[in-house]
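Engineer:
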Amino acid sequence: MDMIRLSAFDLALAASLIVLLAASNWFTGVGHSRTLVVAAVRCAAQLMLIGLVLEALFANVSLWWAALLSMTMLIIAGFEVMARQQRRFKGMAGYALGTLSMFVSSFSVTFLALTVIVGPDPWYEPRYAIPLLGMVLGNTMTGVALTLDNLTRLAWQQRAVVEARLMLGHDWATAIADIRRDSVRNGLIPIVNAMAAAGVVSLPGMMTGQILAGNPPMEAVKYQILVFFLVTAGTGFGILAAAGIGARRLFDERQRLRLDRLRRAADA
Amino acid sequence: MLEIENLRGAHFGPLTLTLNALECVFVQGVSGAGKTLFLRAVADMDCVSGDVRIAGQCRRDLPPPEWRRRVGLLPAESQWWADTVGMHFGKYGAATIAPLGFGPETLAWQVARLSSGERQRLALARLLSNRPRVLLLDEPTANLDEVNRGRVEAVVVDYLEVNHACALWVSHDVAQATRIAARVIRMADGRLQAPAVMESDR
């Protein structure tokens with residue numbers, strides 16, 4: 000059972016759909032046609048590039064090359080998290096907060112999966128390590144970005160309530176508790192929804208890929224379940240860390256709400 | 000009892016002021032004179048320099064929540080986060096609502112359906128239920144009719160007496176000041192102007 004290989008012409012046909020969609024948007028005046036094309040081109044270029052990188056990486060298995068690629072992915076994810084926040088922490092703290100949360104959760108979850116659960120030899124075998132890390136990191140990024148965006152935005156909007164609670168003698172953690180809970184919930188929604196819809200509404204991409212590649216569906220399903228659990232754990236712990244550290248950072252040592260530590264994205 | 004020494008923020012000060020127990024000091028001045036910022040600074044809500052003590056105890060030596068329970072700040076606009084009134088009251092219960100004209104059924108009321116006057120009076124009751132030693136009141140009767148204004152004044156005066164507390168009361172109402180204030184101080188451009196308290200000009 001070999002996979003049907005796609006030719007450049009096949010991809011061009013698919014790309015023409017995007018062009019058609021962009022043109023329709025342009026003619027109907029709803030806009031975003033440029034955004035669509037840019038995103039599509041960017042996506043194709045990035046994937047081509049990672050394809051080349053992965054082929055090179057698979058050809059010479061080395062912990063250092065795998066680590067280098069992982070770190071690059073993390074650094075880019077860190078910028079992506081920052082870019083998605085309307086109000087973010089000023090300075091290095093803004094970048095470090097999201098990046099550190101993602102690092103701690105996704106890397107430990109992926110490491111655990113590689114060493115204890117999947118067990119390839121060596122454990123950093125790029126064919127397993129990079130795709131697993133990519134899936135965990137990508138979802139963690141979305142979760143952490145949503146959580147931090149909600150945390151800072153809600154704190155900004157509800158600053159009068161937060162301060163009123165401080166004035167009544169609540170400690171900082173109580174004063175921000177509702178906002179923190181809302182932010183965590185918002186960050187978890189995408190992955191929880193994805194798990195709820197899996198198999199009944201949607202067939203997850205990774206599983207579909209394995210099935211297309213000719214693997215038995217049951218094997219693909221087992222991998223998909225593993226990936227869902229890893230992704231959920233990675234996302235969840237990343238969100239907890241980000242919401243915890245972020246909430247603390249909104250207050251100073253005298254437990255005053257310090258919104259001056261935030262800045263609007265437009266000022267960047 | 001309340002000692003404020005060289006309190007200085009970005010838009011006011013330095014301010015030095017001492018309040019005795021039972022004393023109710025009115026703070027007057029045009030909008031933007033820094034009255035609200037001054038009260039916030041006393042409650043340790045903003046980063047300021049200077050010292051504030053209650054009965055000799057410095058605020059730096061107390062955990063912030065403890066300090067803010069002792070220095071009860073009532074902001075001009077009250078805030079509510081839970082659904083019913085009762086959910087906003089702490090460990091000492093809500094006995095303070097009765098003198099302000101509310102029955103026990105009030106605790107089950109939906110906050111969203113309160114009038115602005117009811118919110119203002121209930122916010123005062125909520126603050127007093129913390130049993131603060133010092134009251135910082137930012138226009139506590141601004142939205143009230145005559146009957147309820149009288150109630151609030153009586154409740155505050157009574158509270159000071161029973162608890163040996165003192166109050167800083169921001170108000171634009173001159174008649175109210177003559178009714179209940181022990182002293183009136185004026186603020187302009189972030190400075191205190193009443194000659195009796197001009198210790199700040201050292």
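The listed protein sequences derive, respectively, from chains X and P.
So in numbering that gives the first Met the number 0, spot 225 of the first sequence is number 224, and the numbers just go up one at a time.
So in numbering that gives the first Met the number 0, spot 163 of the second sequence is number 162, and the numbers just go up one at a time.
Don't be surprised by glycine CBs; every beta carbon is placed ideally from N, CA and C.
1. Report buried or exposed for X:Gln157, applying the criterion of at least 16 other Cβ atoms within 10 angstroms of its Cβ.
2. The alpha helix (DSSP H) that contains X:Thr151, what's its start and end?
3. Do P:Val183 and P:Phe25 have their beta-carbon atoms positioned less than 9 Å apart in this structure?
4. Looking at C-alpha atoms only, which residue of P:Ala122, P:Asp82, P:Gly92, P:Gly100 is the closest neighbour of P:Trp108?
5. Spatial neighbours of X:Phe250 within its chain, please: CB distance less than 7 Å, with the 5 preceding and 5 following residues excluded, ordered by chain position.
6. Tell me, which residues are paired with P:Gly71 by DSSP?
7. Using DSSP's beta-bridge definition, name the partner residues of P:Trp168.
8. Inspect the beta-carbon positions of X:Leu150 and X:Ile129 and report whether they are closer than 9 Å.
9. Is the region 187-196 of chain X in contact with the region 227-244 of chain X, if contact means three or more CB pairs nearer than 8 Å?
10. Reducing DSSP to helix, strand and coil, say where X:Ala267 ends up.
11. Suppose contacts are defined by Cβ-Cβ distances below 9 Å. Is X:Gly243 in contact with X:Ser104 by that definition?
12. Using a beta-carbon distance below 9 Å, is P:Trp80 in contact with chain X?
13. Provide the residue(s) that pair with P:Ile53 in DSSP beta bridges, ordered along the chain.
14. Identify, in the order they occur along the chain, each residue of the same chain with its Cβ nearer than 8 Å to the Cβ of X:Gln85, setting aside the five sequence neighbours on each side.
15. Less than 9 Å separating the beta-carbons of X:Leu68 and X:Val52?
16. Leaving aside the five residues before and after P:Ala54 along the sequence, list all residues of the same chain whose C-beta is less than 8 Å from its C-beta, in chain order.
17. I'd like the list of long-range same chain contacts for P:Leu73, defined as Cβ closer than 8 Å, with 5 residues on each side in sequence excluded.
18. Pull up the distance between the alpha-carbon of X:Ala42 and that of X:Thr146, whole angstroms please.
19. Just the Cα atoms here: how many angstroms apart are X:Ala219 and X:Lys89?
20. Shorter than 9 Å from the beta carbon of X:Ala7 to some beta carbon of chain P?
21. On the criterion of 16 or more Cβ atoms from any shown chain inside 10 Å, does X:Val269 qualify as buried, or is it exposed?
22. Where are the beta strand (DSSP E) runs, 3 residues long or more, that stay fully inside the region 66-106 of chain X, in chain order?
23. For the region 169-225 of chain X, list the alpha helix (DSSP H) runs that are entirely contained and at least 4 residues long, ordered along the chain.
24. Can you tell me which of the three DSSP states P:Ser30 falls into?
25. For X:Arg262 and chain P, any beta-carbon pair shorter than 9 Å?
26. Starting from P:Met186 and walking both ways along the beta strand (DSSP E), at which residues does that stretch end?
27. Need the endpoints of the beta strand (DSSP E) that P:Pro17 sits in, please.
28. Would you mind telling me which residues of chain P sit closer than 7 Å to X:Gln156, beta carbon to beta carbon, in chain order?
29. Below 6 Å CB to CB, which residues in the same chain sit around P:Ala32 once its five sequence neighbours on both sides are set aside?
30. Hey, does P:Ala107 have any beta-carbon neighbour from chain X nearer than 9 Å?
31. How big is the Cα-Cα spacing for P:Val29 and X:Leu96?
32. Could you check whether the Cβ of X:Ala92 sits closer than 9 Å to any Cβ belonging to chain P?
33. So with CB distances below 8 Å, who are the chain X contacts of P:Pro64?
34. Ends of the alpha helix (DSSP H) at P:Asp157?
35. If you count every other CB in all the chains shown that lies within 10 Å of the CB of P:Gln251, and 16 or more means buried, which is it?
36. Between the beta-carbon of P:Gly85 and the beta-carbon of P:Ser128, is there less than 9 Å?
Structural biologist: Let me spell this out:
1. Your numbering for residue 157 of chain X matches position 158 in the first sequence. Around the C-beta of X:Gln157, 16 or more other C-beta atoms lie within 10 Å, and the residue is accordingly described as buried.
2. Here the question's residue 151 of chain X lines up with position 152 in the first sequence. 125-156 is the span of the alpha helix (DSSP H), which, as asked, contains X:Thr151.
3. On the second sequence, position 26 is the one that residue 25 of chain P refers to. On the second sequence, position 184 is the one that residue 183 of chain P refers to. Yes.
4. What you label residue 108 of chain P is simply residue 109 of the second sequence in a count that begins at 1. The alpha carbon of P:Trp108 has as its nearest neighbour, out of P:Ala122, P:Asp82, P:Gly92, P:Gly100, the alpha carbon of P:Asp82.
5. Taking the first residue of the first sequence as position 1, residue 250 of chain X is located at position 251. Same-chain partners within the cutoff: Trp171, Leu256, Arg257.
6. For the purposes of this step, residue 71 of chain P is taken as the residue at position 72 of the second sequence. In the DSSP assignment, P:Gly71 is bridged to P:Leu134.
7. By one-based count along the second sequence, residue 168 of chain P stands at place 169. DSSP lists P:Phe25, P:Leu136 as the beta-bridge partner residues of P:Trp168.
8. For the purposes of this step, residue 150 of chain X is identified with residue 151 of the first sequence, where counting begins at 1. For the purposes of this step, residue 129 of chain X is identified with residue 130 of the first sequence, where counting begins at 1. In this structure, X:Leu150 lies away from X:Ile129, with their beta-carbon atoms at least 9 Å apart.
9. Output reads yes: the region 227-244 of chain X touches the region 187-196 of chain X.
10. Working through the first sequence from its first residue, we reach residue 267 of chain X at position 268. Reliability fails at X:Ala267, whose pLDDT of 44 lies under 50, so the model's placement of it is uncertain and no value is given.
11. Numbered from 1 along the first sequence, position 244 holds the residue referred to as residue 243 of chain X. Numbered from 1 along the first sequence, position 105 holds the residue referred to as residue 104 of chain X. Not a contact, by the Cβ cut-off of 9 Å.
12. By 1-based counting over the second sequence, the position of residue 80 of chain P is 81. It does; some Cβ of chain X falls within 9 Å.
13. The sequence position of residue 53 of chain P within the second sequence is 54, counting from 1. Per the DSSP secondary-structure output, P:Ile53 pairs in a beta bridge with P:Leu1, P:Gln56.
14. Reading the first sequence from its first residue, position 86 is the one you call residue 85 of chain X. Short of 8 Å from the beta carbon of X:Gln85, and not among the five residues preceding or following it, lie these beta carbons of its own chain, in chain order: Asp148, Thr151, Arg152, Arg263, Ala264.
15. Residue 68 of chain X sits at position 69 when you count from the first residue of the first sequence. Residue 52 of chain X sits at position 53 when you count from the first residue of the first sequence. X:Val52 sits close to X:Leu68, with the two beta carbons spaced by under 9 Å.
16. Start at 1 with the first residue of the second sequence, and residue 54 of chain P comes out as number 55. The residues Met0, Arg132, in chain order, have a CB closer than 8 Å to that of P:Ala54 in the same chain once the five nearest residues on each side in sequence are set aside.
17. What you label residue 73 of chain P is simply residue 74 of the second sequence in a count that begins at 1. Contacts found: Ala122, Leu123, Leu126, Leu134, Leu135, Leu136, Asp137, Pro139.
18. Within the first sequence, the letter at position 43 stands for residue 42 of chain X. Within the first sequence, the letter at position 147 stands for residue 146 of chain X. Here the sequence assigns Cys to residue 42 of chain X, which means Ala is not the residue at that position. Here the alpha carbon of X:Cys42 sits roughly 25 Å from the alpha carbon of X:Thr146.
19. Working through the first sequence from its first residue, we reach residue 219 of chain X at position 220. Working through the first sequence from its first residue, we reach residue 89 of chain X at position 90. Cα-Cα distance, rounded: 44 Å.
20. Within the first sequence, numbered from 1, the residue matching residue 7 of chain X stands at position 8. Using a Cβ-Cβ cut-off of 9 Å, X:Ala7 does not count as an interface residue toward chain P, since no Cβ of chain P sits closer than that to its own.
21. Residue coverage of chain X in this structure runs from 0 to 267, which leaves residue 269 of chain X outside it and unanswerable.
22. Counting only unbroken stretches of 3 or more residues, the beta strand (DSSP E) elements lying wholly within the region 66-106 of chain X are 86-88, in sequence order.
23. Counting whole runs of 4 or more residues, the region 169-225 of chain X contains the alpha helix (DSSP H) stretches 171-196, 204-211.
24. The count along the second sequence starts at 1 and reaches residue 30 of chain P at position 31. DSSP places P:Ser30 outside both helix and strand once states are collapsed to three, so it counts as coil.
25. Counted from its first residue, the first sequence places residue 262 of chain X at position 263. False, the Cβ-Cβ gap to chain P never drops below 9 Å.
26. By 1-based counting over the second sequence, the position of residue 186 of chain P is 187. Looking at the DSSP string, the run of the beta strand (DSSP E) that includes P:Met186 is 182-187.
27. Taking the first residue of the second sequence as position 1, residue 17 of chain P is located at position 18. Before going on, a small fix: residue 17 of chain P reads as Thr here, not Pro. Start and end: 14-18.
28. Residue numbering aside, residue 156 of chain X sits at position 157 when the first sequence is read from its first letter. The premise fails here: X:Gln156 is roughly 12 Å from chain P at the closest Cβ pair, so nothing lies under 7 Å.
29. Here residue 32 of chain P refers to the residue found at position 33 when the second sequence is read from its first residue. Same-chain partners within the cutoff: Met186, Ala187.
30. Within the second sequence, residue 107 of chain P is the residue found at index 108, counting from 1. Not closer than 9 Å to any Cβ of chain X, the Cβ of P:Ala107 fails to qualify, so no.
31. Within the second sequence, numbered from 1, the residue matching residue 29 of chain P stands at position 30. Within the first sequence, numbered from 1, the residue matching residue 96 of chain X stands at position 97. Spanning the two alpha carbons is a distance of roughly 43 Å.
32. Indexing the first sequence from 1 puts residue 92 of chain X at position 93. So, not an interface residue.
33. If you number the second sequence from 1, residue 64 of chain P lands on position 65. The contact set of P:Pro64 on chain X, defined by CB atoms closer than 8 Å, consists of Leu165, Gly168, His169, Asp170, Gln254 in chain order.
34. Position 158 of the second sequence, counting from 1, holds the residue named residue 157 of chain P. For P:Asp157, the enclosing alpha helix (DSSP H) begins and ends at 145-162.
35. Lying outside 0 to 201, the shown extent of chain P, residue 251 of chain P is not represented and no answer is given.
36. Counting from one through the second sequence, the residue named residue 85 of chain P turns up at place 86. Counting from one through the second sequence, the residue named residue 128 of chain P turns up at place 129. Here P:Gly85 is not near P:Ser128, since their CB atoms are 9 Å or more apart.
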